[in-house]
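Residue numbers (our numbering), protein chains in the order written: chain Z, 29 to 557; chain U, 3 to 330.
Only one structure is covered here, and it is reproduced in the block below.
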């Protein structure tokens, strides 16, 4: 008896040392801290980068942003307005509750709530219907061929836990007290939250019960994730170099060369699904911020083309962006469904042609205009605007730069209080509809149409194409419509496109993980060696 | 004495009201929190609903009066960015800032005063010249640069001290302290030096010039003529008479240290009120900005009061004046 006890104790001690030898922590940093842990409150990269480790949607993203089974094992379109999802059995939430169809129905309804920030992903959803414990039908108002792409961004919560903690609705700012989900989570994902100190640290530990550890490819050996935001660029890089953090998501461009030379640092480079462009007021009869009175020069295609020809995009790519940009002539990158290479071409850099076009349009002496630009939103945004303002001034369009923090920039352009502005547009659904509908459809008040089209571009053919892309289930016809929209974009020049952002990730040499174009690290694929 | 304190406190009320009004008026220009809260995709209806929920559609003075009423009830509202009560957030961050500021102030005093005395007494020695030259750096380099340089040397190159954060903390009641753990103390060194360096050089130069002034006065000559030992002349007579301006400056600088810990806290990701404030500014988080500015105003009022009271302790002339006036 005693010997068995001793043996058991020895075995336990061995197991303990074995376990501690196996403990692998990844210390991760970036400038910003998530401002909530609520899965449907803030659709921001800084929030989802943490939530992606804890919560899961029905459908997961693969390493190249394709779709693969998550909490749903299979899905198909039963009829144009009805999708059926078969759910995974035997999944448990972190608190031990079982996962079933009730949780899915609850979560989709929660994402539909007025205080939800995830409405864009369920914009066509009429209702979610439980068929049996492990089957759910999602009924849509109109046929929605890309519903699975959208639901890959809707996290599934536990209904019982949400009801017990009074968080049936996403966090509401009106409530004068803290909502439970601000600092607490209960997901089904590979890691579970143990410590949440906003702006200081967020600690997650491995969920050994996660169903996906058996799936090939999920080969993470990480037992603990410690996320600590460091706002100051220099300090964040210092912490990486001194070995206090293992992984920095947002190294400043000016430090990249130095980081690449450092022996124990790896820099992963890759594109982000985000495109920068200038949009301009093409509706008003007179621009708000220009020397031209009585008419709007931007209504003239030749003026738009002139500004386009005036941009030396290679100088921006190599000098301002230090190579961390992919030059483009269209409004979304190749990772997005519907992309057609033939329409991704720029008007060439040609200052002489630009001056000629301006003269042809009746502005041989050029004119003055004010460019609005954020200075803390996109990579080197203000520097891009400075460079372009100089290029435009060189061909005669005297450009005054008005750079401001995002907190002032966005309200200004949303009041349409601008003549021309810089915008960067990400595509979370990875489908072209999201960009075309939000940026190019006429602002007619219908949900989603032209919601970020503050230059008020309007083209009936484009609007017709948006309707086709929304409703068409045949992928070939749908892609043809998208390609036509891209052709019109190229010919009509509603925007002056610049580039797709690159997002370098820097990490200690002993870390391996795939670079993701949605700028979201997935720790289920990361290893500490 | 009591009447003095009460009158000083009464004077503080209009100061606080003015500060709150000015800070509140400023918020019209810091940007729109709604856009940040709503993210990339939202409809006009959602936006209007949120503006109504936050009461931002009300006229300025209605918002201001409502804000004052809530403040009087001790309710500073909910942070737009973090979704938590502002009072809780500030209480959570207060210990970090106070520990950092007091350590920096102590460092400035304990190093600055002796250096000032030394350079005052031995004004021509080579060591004094070294101190004075080095102190020029402390006065002229901006805080963030000093912080980055210290990080580069002690964290990146030597690897002795952490480059960011507060280390392990121990919680006593609601007060979280980093003073009781080794990693907490190590993490305190670089930010405290960064924050205190300017004040240290300021105090040193102040004490030095005051000492030089005092050492030329007649009573020091008489004290020496009486044959008092140097120690008593220097510290009992000379130093004590330099303290009035030093106390004023130190007191006001303590307020400045707390208020301007913002830069140091940002460089070292020190989880104090300054970092909270800077992030609130970036996100137009009005409730936090309002509460922070009110707190800093209150702090300056209290520190000024304490400084005034300390004058009585060190300057007998003021005390006798008070006695004489109250005896009349």
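Glycine is no exception: its CB is placed at the ideal position from the N, C-alpha and C atoms.
For clarity, every value in this text was computed on a predicted model and none was experimentally measured.
A residue is called buried when at least 16 other Cβ atoms come within 10 angstroms of its Cβ; residue 347 (chain Z) does not meet this threshold and is exposed.
Going by DSSP, residue 355 (chain Z) is part of the beta strand (DSSP E) stretching over 353 to 355. In the DSSP assignment, the residues bridged to residue 400 (chain Z) are Z:430, Z:449.
Taking the CA atoms as reference points, residue 200 (chain U) sits about 12 Å from residue 146 (chain U). Boundaries of the alpha helix (DSSP H) harbouring residue 196 (chain U): 184 to 217, taken from the DSSP string.
Selection U:92, U:237, U:255 evaluated against residue 276 (chain U) yields U:92 as nearest (Cα-Cα).
Boundaries of the beta strand (DSSP E) harbouring residue 225 (chain Z): 219 to 225, taken from the DSSP string. The beta-carbon of residue 270 (chain Z) is placed less than 7 Å from the nearest beta-carbon of chain U.
Around the beta carbon of residue 162 (chain U), fewer than 16 other beta carbons sit within 10 angstroms, so the residue counts as exposed. Sequence-distant Cβ neighbours of residue 483 (chain Z) in its own chain, meaning closer than 6 Å and more than five residues away, are 307, 308, 309, 310. As computed with DSSP, residue 420 (chain Z) is found in no beta bridge at all. Interface flag for residue 417 (chain Z) against chain U is unset, since no Cβ pair is found closer than 7 Å. Around the C-beta of residue 315 (chain U), fewer than 16 other C-beta atoms lie within 10 Å, and the residue is accordingly described as exposed. Neighbours of residue 251 (chain U) across chain Z, judged by C-beta separation under 9 Å, do not exist; the nearest C-beta is about 29 Å away. Think of a sphere of 7 Å around the beta carbon of residue 207 (chain Z): the chain U residues whose beta carbon falls inside it are 85, in chain order. For residue 251 (chain U), the closest C-alpha among the options U:234, U:209, U:131, U:295 is that of U:209.
Residue state for residue 553 (chain Z) is assigned as helix, using DSSP reduced to three classes. In the DSSP secondary-structure assignment, residue 102 (chain Z) is bridged to Z:114.
Cα atoms of residue 55 (chain Z) and residue 230 (chain Z): separation of roughly 10 Å, rounded to the nearest angstrom. The three-state reading of DSSP puts residue 443 (chain Z) in coil, since its state is none of H, G, I, E or B. In the DSSP assignment, residue 158 (chain Z) falls within the unbroken beta strand (DSSP E) covering 153 to 160.
For residue 307 (chain Z), the uninterrupted beta strand (DSSP E) segment begins and ends at 299 to 308. Listed along chain U is no residue with a C-beta nearer than 8 Å to that of residue 395 (chain Z); the closest approach is about 30 Å. Closest by C-alpha distance to residue 119 (chain Z), out of Z:64, Z:184, Z:521, is Z:184. Look at the beta carbons and you see the stretch 163 to 178 of chain Z not touching the stretch 21 to 29 of chain U: under three pairs across the two are nearer than 8 Å. Distance from the CA atom of residue 557 (chain Z) to the CA atom of residue 245 (chain Z), rounded to whole angstroms, is 16 Å.
Pairing residue 545 (chain Z) with residue 93 (chain Z) gives a Cβ-Cβ distance under 7 Å. Assignment of residue 394 (chain Z) by DSSP, reduced to helix, strand and coil, places it in the coil class.
At least one C-beta of chain Z is nearer than 7 Å to the C-beta of residue 166 (chain U).
Excluding five sequence positions before and after residue 498 (chain Z), the CB atoms of its chain that fall closer than 7 Å to its own CB belong to 170, 461, given in chain order.
At a C-beta separation below 7 Å, residue 37 (chain U) has these neighbours in chain Z: 438, 439, 442. Your pair residue 130 (chain Z) and residue 187 (chain Z) checks out as a contact, with CB atoms roughly 5 Å apart and the cut at 8 Å. Taking 9 Å as the upper bound on Cβ-Cβ separation, chain Z lies near residues 268, 269, 270, 271, 273, 277, 278, 280, 281, 283, 284, 285, 286 of the stretch 262 to 292 of chain U. DSSP places residue 380 (chain Z) outside any beta strand (DSSP E); the residue lies instead in the alpha helix (DSSP H), whose first and last residues are 379 to 388.
Taken through DSSP and simplified to helix, strand or coil, residue 26 (chain U) comes out as helix.
With a 10 Å radius around the Cβ and a threshold of 16 neighbouring Cβ atoms, residue 128 (chain U) comes out exposed.
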